[in-house]
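Only one structure is covered here, and it is reproduced in the block below.
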Amino acid sequence: MKKAKICQLDNCCMELEGKQKKFCCRQHSDRYRYLKNKEVILKRQREYYKNNKDKLKEKQKERIREWYKNNREKHLKRQKEYNKKKWMERKLNGNQD
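With the numbering used here as the guide, the letters of the sequence shown map in order to residues 34 to 130.
As structure tokens, then:
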């Protein structure tokens, strides 16, 4: 784990017996605790994703299906406007030739 460099003092954090740490300031100890917790959380997230990859992909597909179902009219309207715009461009380009 990376050591937080917040204090300007040399050897701010000294390792005692085993994994115990002694900090000269509150700010440094809070930063160390944050980094340690962040590391643990990221490890858990990676494990969860690795074990449930297929399930998560299926959930994402389901959310996309739901979105299309809920926004069908809006999506179709946007698509219709786009097609109309492209048709007008082709018509104008065809008349110029």
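We put the CB at the ideal spot given by N, CA and C, even for glycine.
Treat the numbers as computed from the prediction; the structure is a model and nothing was measured.
Would you please state the rounded distance, in angstroms, between the beta carbons of residue i and residue j? I believe it to be under 8 Å.
i, j, result
"H108", "Y101", "7 Å"
State the start and end residues of the unbroken alpha helix (DSSP H) segment that holds residue i.
i, result
"N131", "The requested residue 131 does not occur in the structure, where the chain is confined to residues 34 to 130."
Are the beta-carbon atoms belonging to residue i and residue j less than 8 Å from one another?
i, j, result
"Y82", "L75", "no"
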